Amino acid sequence: MARACAQDCEGAGAAKGSPPLIALSDGPKPAGLEEPRENRVAVSVFALVVNDDIRLKNLSTTAVRRLYRGRITNWSQLGGPDLPVVLVSRDANSGTRQVFQRRVLGRGEIEYAYTYGRPPADSRASGFLTCLTRGNGQDVIRTHGHLPCWSPEGLRLCAGTPGRR
């Protein structure tokens with residue numbers, strides 16, 4: 008905005024010299040940020056897209072939460088065809104995904120790292136997994152709002168055991 012105001016704001020089509028700029032976000036303004044001023048102007052509506060072959064409509068919020076928590080792994084569990092559930096989400100840094108996680112899911116999603124079997128102890132894959140679960144990577148996971156599976160609550164959720172809805 009400062010760059011825009013450095014130009015002649017008068018006559019730029021904006022009242023009282025304000026630049027004709029608006030920044031939109033799907034998340035709240037960070038605490039302690041005086042400018043710009045926050046104005047709530049819209050309601051975000053989330054639409055989940057399901058493959059046409061699944062033929063399920065009007066999934067409940069509870070069903071969506073169970074899908075994203077890994078408690079439903081086959082569409083037949085919801086009355087659909089006998090096909091595995093494959094979730095595709097926006098990037099973890101996406102504001103839309105963060106709002107979806109916070110407002111719809113009620114928490115962060117579980118992130119999984121998959122391998123074919125157990126990688127050799129001296130492999131890069133093994134080193135990466137060790138970093139994520141026992142090294143500096145665990146701080147990165149938390150910093151980005153994810154729930155590590157080794158935490159007490161994460162262990163229950165990752166194992167699929169009851170204890171949290």
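Here the numbering used here runs 7 ahead of the position in the sequence shown, where the first position is 1.
Built from N, CA and C at the ideal position, the CB exists for glycine as well.
Values in this document were obtained by computation on a predicted structure and should not be read as measured data.
- Pro-91 is the residue among Arg-72, Pro-91, Ile-79 and Arg-76 whose C-alpha sits nearest the C-alpha of Asn-58.
- With a beta-carbon spacing of about 4 Å, Arg-97 and Arg-104 fall inside the 8 Å limit used to define contacts.
- Contact between Leu-63 and Gly-86 holds, since their C-beta atoms are separated by about 7 Å, short of 8 Å.
- Closest by C-alpha distance to Val-56, out of Pro-37, Ala-70 and Val-95, is Val-95.
- The beta carbon of Pro-126 lies closer than 6 Å to those of Ala-132 and Ser-133 in the same chain, with the five residues before and after it left out.
- For the pair Leu-112 and Arg-73, the CB atoms are not nearer than the 8 Å cut-off.
- CA-CA distance, Asp-89 to Asn-81, rounds to 6 Å.
- Annotation for Gln-105: the continuous alpha helix (DSSP H) segment containing it runs 102-107.
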